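The sequence shown begins at 5 in the numbering used here and counts up by one. Step one of this worksheet: look at the structure below.
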Amino acid sequence: MKRRVLLLAVAVMMTITPAPAQFETPVTWTNYQATDSNNAVFPGTLKVAWAFDTGGKINGSLAISGDTIYVDSFSKKVFALDLKTGRKRWEATVPRIVMSTPIVADGLVIVGTGTNQVLTDSGATTIWGNPAGDDVIALRQSDGTVVWTYHTVGEDMPTPAVVGTNLIFSNGDMHAYALNIKTGKLLWKTALPGITTMSATATGDGRAFVIASRGLDYIFSNNATHMIALDPKTGAIAWSAHYGNSDCSPTVADHLVMCEGSSYLWYGVRGLGWMGRNDVEAYDMRTGHRAWRWVGDPGYFTMLGSSERGIAGMVHGGILYQSIPTLDEMGAFRLTDGKLLWTFRSAGSVKMSPLYWDGFLIFGDTEGLLYAVDATTGQINNIVAKKLPFTTSAPVIVGETLFIANGTHLYAIPLDSLVLR
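Structure, rendered in structure tokens:
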């Protein structure tokens, strides 16, 4: 009788199918949007709705590790929140404003402080930041206590990237740096021909890519800006190209590194002071040779939400999805040759990277509208209005939930309330 009961129990166990995991998220978050193509979308069945007020404007993008989401804000605080409930696990106060994407690796959460304050801008020498300098700060992932701090002369808003045990970033004092991620010790420091304002470090094909601009000159011309490929081990410059925008993080995919540039037209003419155009270029990651270029029509830059004039793109399925801020458009570019496949006209500028989810693009604009757009045709699927402009904080998707910042709040929004079926 005991044997029969035991066999029955074994048979029942063999027929039970384990419940699917609610989500599959990374353990580490090692660069802007965590993936080379900037499409921070993770599978699962998670479907939740909550809101959390950080007490300050959110311009930095989000990071996820396991069941925790990390966000920083102008409140001079960094938060670790439960992914399912939005409940605060810990908060850490830092000396100044933070707007970088948190980096999560080696048991640490790393952020950078800074503002766009111009301290020196003579063309040859440029320093943007605080008079007292700024900091890259490593917090213990378990409780938010400070583990190490690295001080710099310029602002440290640009998001770093992790390569092995090196934390690599460029900043507002015309340098690129590599720190040991565990200790914060300086490994190398390389002089650059300009500053990086918000552009995150990107990596690919054994290189680290940064954008440096000659201070305020970058507003007027791509020629004042350099896209630079660095050796992540030594900091040596492998190649440099006259192109980019120091607000725009490079997008890397299929051995190409892409960036959006900006330039002004008729600057100083009455009534046309903010008129300009965006363009997009792709370079071979290994050689620095330009693969293709697209030039947009004239339009207008705006300060609404943020002052960024170049926005990081996102790649999925051989297509670069790229915001065009001067035209209030989202464009789809064929990766192989840069051919523009379609454009979608939004109500305001899109200053965040979009996401690709289940055939749709998800993004918000500076008019406070949240969009679902067919990724193949560019046709509108649905629009949801929020109270405040969407700025540069790029969203993430886990399972069936969109996590996105609007104003001071971080929201978890079920995707079936946005995407219409």
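For glycine and all other residues, C-beta sits at the position ideal for the given N, C-alpha and C. None of these values were measured; they are calculated from a predicted model.
For W296, the uninterrupted beta strand (DSSP E) segment begins and ends at R294 to V299. V113 is the residue among D160, V113, Q26 and E159 whose C-alpha sits nearest the C-alpha of W33. Going by DSSP, L87 is part of no beta strand (DSSP E) at all; its letter is neither H nor E. When secondary structure is reduced to three states using DSSP, D283 falls in the strand class.
For P236, there is no enclosing beta strand (DSSP E), as DSSP gives it neither H nor E. Just so you know, the alpha carbons of I417 and F407 end up roughly 6 Å apart. Counting of Cβ neighbours within 10 angstroms places V150 among the exposed residues, the total staying below 16.
In the DSSP assignment, D125 falls within the unbroken beta strand (DSSP E) covering V122 to D125. Contact between the stretch 369-379 and the stretch 79-88 is absent, with fewer than three C-beta pairs closer than 8 Å. Spatial neighbours of D57 in its own chain (CB-CB distance under 7 Å, excluding positions within 5 residues in sequence) are listed in chain order as T412 and H413. Secondary structure at P329: helix, using DSSP grouped into helix, strand and coil.
With contacts defined as CB atoms closer than 8 Å, T370 and G317 fail to qualify as a contacting pair. Between I185 and T205, the beta carbon gap of about 13 Å keeps them out of contact (Cβ cut-off 8 Å).
By the Cβ-count criterion, N386 is exposed, with fewer than 16 other Cβ atoms from all chains shown falling within 10 Å of its own Cβ. Contact between L422 and T405 does not hold, since their C-beta atoms are separated by about 10 Å, which reaches or exceeds 8 Å. Per DSSP, D378 is one residue of the beta strand (DSSP E) stretching across L373 to D378. Setting aside the 5 residues that flank it on each side, A142 is surrounded in the same chain by L112, V113, I114, V150, V151, W152, T153, I185 and G188, each with a C-beta closer than 8 Å to its C-beta; the list follows chain order.
Under the three-state reduction of DSSP, A195 is assigned to strand. Annotation for M103: N63, G64 and M161 place their beta carbon closer than 6 Å to its own, counting only its chain and skipping 5 residues before and after. Annotated as distal: W94 and D139, with beta-carbon spacing of 8 Å or more. Sequence-distant Cβ neighbours of A96 in its own chain, meaning closer than 7 Å and more than five residues away, are K81, V82, L143 and G148. With at least 16 other beta carbons inside 10 angstroms of its own, S350 counts as buried. Cβ-Cβ distances below 8 Å link P47 to F27, E28 and G403 in the same chain, with the five nearest sequence neighbours on each side left out; the list follows chain order.
The beta carbons of H179 and L196 sit about 6 Å from each other, so the pair counts as a contact at 8 Å. Taking C-beta atoms as the reference points, F305 and V261 fail to come closer than 8 Å.
Relative to the Cα of T130, the nearest Cα in the group R425, D177 and H155 belongs to D177. With fewer than 16 other CB atoms across the displayed protein chains lying within 10 angstroms of its CB, P135 is exposed. Here G198 is buried, its C-beta having at least 16 other C-beta atoms within 10 Å. Runs of beta strand (DSSP E) with 3 or more residues, each lying fully within the stretch 333-373, are found at 333-338, 344-349, 359-361 and 364-368, listed in chain order. Spanning the alpha carbons of T395 and E312 requires a straight line of approximately 9 Å. Counting along the chain, Y181 sits inside the beta strand (DSSP E) bounded by residues H179 to N184. DSSP places D160 outside both helix and strand once states are collapsed to three, so it counts as coil.
Cβ contact annotation for W54 (same chain, cutoff 8 Å, sequence separation greater than five): T89, G90, Y415 and A416, in chain order. Of the other Cβ atoms in all chains shown, 16 or more fall within 10 Å of the Cβ of R211; this residue is therefore buried. A direct Cα-to-Cα measurement between V400 and A240 gives close to 33 Å.
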